[in-house]
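Input: a single structure, listed below in structure tokens.
Chains as they are written, first to last, in the working numbering: chain A, 224 to 473; chain B, -18 to 292; chain C, 348 to 644.
If you want it as structure tokens, here you go:
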């Protein structure tokens, strides 16, 4: 199995504080990976660095052995990287359908087209319809996205993330802010996407049910550094990991 | 289907306007059309891409001065208009490169500043622009394509049709752009720049495109002015002129396609009424802006049309 | 094109030195205007387009109290500060406060609307003709600088500007109020959680910023024309200053004001038609090299 993402001594500092420090990761293609750790461990910063949302202060990032350290987020997407956001980041004034159509158009390199109508983009429209079905939002397709329920917005958020047909997709706390019913739905969707698509998912999560039921590999972070990595069983047994969670059920 | 019918009827009425309207009404109608073009460009930038520019009058002035200078040297209407538009487009492209890479607040500040820089140039560069006297004696040159036809423009009705033609063209093109993939990308930038970048779209590129198109529209509106008024003066570039498309669009509705057009009509109606009572019409403008921002951000169209169904 | 490279009046070095001093006094007005603008932005997150209008109001009020009603000069300045403070209070309390949660664009639009209102209101109340107020007697006369007459009043302005800069710095660094303001600026929620009344604090900061602008306008009355539109002319330069210095940064505003004031003065001397251009050029260069401004973070 190949490394799909690799980092060397990755570091990001805010003044004196190290958000991410000396992180050396080798994430394997095809392995569903979870990044866990207490609050402030640097998980979201790590995702921000890997997706291009922030640039690192130190270290390098490789995607399939190609260096992407300083590439902007839009260029990384073109290479096959994508992400979802913890704080809902959809296009509220556009319809649900348009929310999915736009990333599809971006993937097909059609966004420069200024005079052809949206309806005439048959391939993109067809694909967007399919993805809409995948995330169970066909009925809401013409609603302004901002008017969706919180749970449905999360489904849309995930839909946008996979609409560019990425090779690796970072999901930042997909169950964040969900009530128990919504959480189940999100979990189902993530499971479905992971099994049906050729995408390597890397998720940041606090919900241990999701983490342990889905992951092939777990990375544990604490205070900006990688504390441990391994298969779910190994992590569960790891004393250091248990310590930082202070006896919580993991 | 209903919209198409309404638009056709409107076009029909506009085409027949010279037959039942007096000269003054035609004059106002032309000005409304110019403001509509000006405001459409402004709203591509604001309502559709999320960038608030307070300097569009600068490009309007570039279009106006460009057309004026061309017509003074070579009296062909098409040459003047096309020349003015292209000049405005070039200037907006250059200034755009400097402005668009910044946060939205810096962007707004920069546009106000650049607009006033153009004003200052127009005012002080006597040799080129005529200083505060401006350009005078600009002819309403004939519409001609050498070898094909030459139509005299002395009659206001003839010029009205030229302006109407350009306005319809501008509106049509705008409609195509808005409903195209590029238009959707711009709306994405307005709704969430970060998300747009994270789906593979270069935010800077589309902001620049939007800014340049807005500049071209402002330039077109400006270029259509000199043949009508025969003079071009520096206040055309002043920020108080930049306020007109801002107000017209806000009044009509920033979230609607027809907003800038409806707003332009309302703007002239209001101006006409207000000016009869007082010379202090800027303060009324300001009060209207404050009321709109505090309570009616969707403008007049927003009051009647539900969100999500764009017309 | 053809413009003269040097306008020679007497010896070059002396002319340049003199103009530098002129630039310094202009910088002080700009500093007072830019300081309020940048403080309001740094704390409230609002860019007040109408800030130049507050400067203008400061000038008009001072002119009325001192030039028309014959009030003592210092008292007139204080009264004009209070008057504009009240105006600022109303602006924030009844209008701005209600739109903080909205897109920044609407805040800009609102303050833009206020420019239109103030510009005409001033014409309505005071008339559209420019006013030229008298010079207070103790500042009359000139001082000889490099062999040229330099108005005493301008020296006062330079002194006053520096004094205000020190006072403002002390206010934000050393006083309890200043610490509350800085805490609220960096973390609104946290500040609120420890009991700071954010809405009231914000109104206070806005009024404070308004008074700084008014001080600039008021101090300028004896030497500058009081006319509609003087604020709008300066707001452009204030924007450039905050962009150069970094939005929200007081030190940057001071340095930026010095740069813009001096460049403007030299521009008028050496490149009379294009001095505004020069300032823009500097701004463009700063932005290209350091987009957040010289001191911006």
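Yeah, the Cβ is synthetic: ideal placement off N, Cα and C, and Gly gets one too.
I need the straight-line Cα distance from residue i to residue j, nearest angstrom please.
{"i": "residue 391/C", "j": "residue 244/B", "result": "32 Å"}
{"i": "residue 139/B", "j": "residue 374/A", "result": "59 Å"}
{"i": "residue 308/A", "j": "residue 47/B", "result": "48 Å"}
{"i": "residue 357/C", "j": "residue 367/C", "result": "Note that residue 357/C scores a pLDDT of 45, beneath 50, so its modelled location is shaky; the value from the coordinates is reported in the next line. Roughly 15 Å separates the two Cα atoms."}
{"i": "residue 294/B", "j": "residue 384/A", "result": "Absent from the model: residue 294/B. The displayed extent of chain B is -18 to 292, so no value can be given."}
{"i": "residue 261/B", "j": "residue 467/C", "result": "6 Å"}
{"i": "residue 549/C", "j": "residue 594/C", "result": "17 Å"}
{"i": "residue 91/B", "j": "residue 586/C", "result": "8 Å"}
{"i": "residue 563/C", "j": "residue 190/B", "result": "40 Å"}
{"i": "residue -8/B", "j": "residue 254/B", "result": "26 Å"}
{"i": "residue 487/C", "j": "residue 481/C", "result": "10 Å"}
{"i": "residue 415/A", "j": "residue 361/A", "result": "17 Å"}
{"i": "residue 16/B", "j": "residue 398/C", "result": "28 Å"}
{"i": "residue 369/C", "j": "residue 614/C", "result": "12 Å"}
{"i": "residue 59/B", "j": "residue 131/B", "result": "11 Å"}
{"i": "residue 624/C", "j": "residue 98/B", "result": "7 Å"}
{"i": "residue 636/C", "j": "residue 286/B", "result": "46 Å"}
{"i": "residue 243/A", "j": "residue 449/A", "result": "9 Å"}
{"i": "residue 629/C", "j": "residue 212/B", "result": "34 Å"}
Can you confirm whether residue i, when its beta carbon is compared against all beta carbons of chain B, has any partner nearer than 9 Å?
{"i": "residue 361/A", "result": "no"}
{"i": "residue 286/A", "result": "no"}
{"i": "residue 546/C", "result": "no"}
{"i": "residue 390/A", "result": "no"}
{"i": "residue 277/A", "result": "no"}
{"i": "residue 383/A", "result": "yes"}
{"i": "residue 589/C", "result": "yes"}
{"i": "residue 258/A", "result": "no"}
{"i": "residue 377/C", "result": "no"}
{"i": "residue 325/A", "result": "yes"}
{"i": "residue 427/A", "result": "no"}
{"i": "residue 397/A", "result": "no"}
{"i": "residue 352/C", "result": "Residue placement at residue 352/C is poorly supported in this model, since its pLDDT is 45, which falls under 50; the coordinates still yield a value, given next. Chain B, which has no Cβ nearer than 9 Å to the Cβ of residue 352/C, makes this no."}
Can you pull the chain B neighbours of residue i, defined as C-beta to C-beta under 9 Å?
{"i": "residue 627/C", "result": "94, 95, 98"}
{"i": "residue 312/A", "result": "173, 175, 176, 179"}
{"i": "residue 341/A", "result": "160, 161, 162, 164, 165"}
Counting only Cβ pairs nearer than 8 Å, list the residues of chain C close to residue i.
{"i": "residue 271/B", "result": "442, 457, 460, 461, 464"}
{"i": "residue 83/B", "result": "634, 638"}
{"i": "residue 224/B", "result": "459, 463"}
In terms of DSSP beta bridges, what is residue i paired with?
{"i": "residue 8/B", "result": "In the DSSP output, where bridge partners are listed per residue, residue 8/B has none listed."}
{"i": "residue 444/A", "result": "449/A"}
{"i": "residue 281/A", "result": "234/A"}
{"i": "residue 250/A", "result": "228/A"}
{"i": "residue 459/A", "result": "Looking at the DSSP assignment, residue 459/A forms no beta bridge with any residue, so it has no partner."}
{"i": "residue 33/B", "result": "Answer is none; residue 33/B lacks a bridge partner."}
{"i": "residue 367/A", "result": "318/A"}
{"i": "residue 289/A", "result": "286/A"}
{"i": "residue 467/C", "result": "Looking at the DSSP assignment, residue 467/C forms no beta bridge with any residue, so it has no partner."}
Is the Cβ of residue i closer than 9 Å to any Cβ of chain A?
{"i": "residue 295/B", "result": "In the structure displayed, chain B extends from -18 to 292; residue 295/B sits before or after that span and is not available."}
{"i": "residue 219/B", "result": "no"}
{"i": "residue 184/B", "result": "yes"}
Does the beta carbon of residue i come closer than 9 Å to any beta carbon on chain C?
{"i": "residue 20/B", "result": "no"}
{"i": "residue 41/B", "result": "no"}
{"i": "residue 16/B", "result": "no"}
Just the chain C side, please: which residues come within less than 7 Å of residue i by C-beta, in chain order?
{"i": "residue 268/B", "result": "464"}
Name the chain B residues that come within less than 8 Å of residue i, Cβ to Cβ?
{"i": "residue 394/C", "result": "86, 89, 90"}
{"i": "residue 310/C", "result": "Absent from the model: residue 310/C. The displayed extent of chain C is 348 to 644, so no value can be given."}
{"i": "residue 445/C", "result": "275"}
If the cut is a Cβ gap below 8 Å, which residues of chain A does residue i touch?
{"i": "residue 166/B", "result": "325, 328, 329, 334"}
Counting only Cβ pairs nearer than 7 Å, list the residues of chain B close to residue i.
{"i": "residue 468/C", "result": "264"}
{"i": "residue 300/A", "result": "179, 180, 181"}
{"i": "residue 537/C", "result": "The contacting residues do not exist; residue 537/C stays about 24 Å from chain B at best."}
Just the chain C side, please: which residues come within less than 9 Å of residue i by C-beta, in chain order?
{"i": "residue 73/B", "result": "Correct list: empty, because the minimum Cβ distance to chain C is about 16 Å."}
Quiz item: If you scan the segment 370 to 395 of chain C from start to end, which runs of the alpha helix (DSSP H) of 4 or more residues do you find wholly inside it?
Solution: Correct list: empty.
Quiz item: Can you give, in chain order, each stretch of the beta strand (DSSP E) that sits fully within the segment 124 to 195 of chain B and has at least 3 residues?
Solution: 124 to 126, 130 to 132
Quiz item: In chain order, which alpha helix (DSSP H) runs of at least 4 residues are fully inside the segment 300 to 355 of chain A?
Solution: 319 to 330
Practice problem: Taking only runs that begin and end inside the segment 568 to 622 of chain C, name each unbroken beta strand (DSSP E) of 3 or more residues, in chain order. | Solution: none
Practice problem: Tell me the start and end of each unbroken alpha helix (DSSP H) in the segment 237 to 264 of chain B that is at least 4 residues and wholly inside, in chain order. | Solution: 240 to 258
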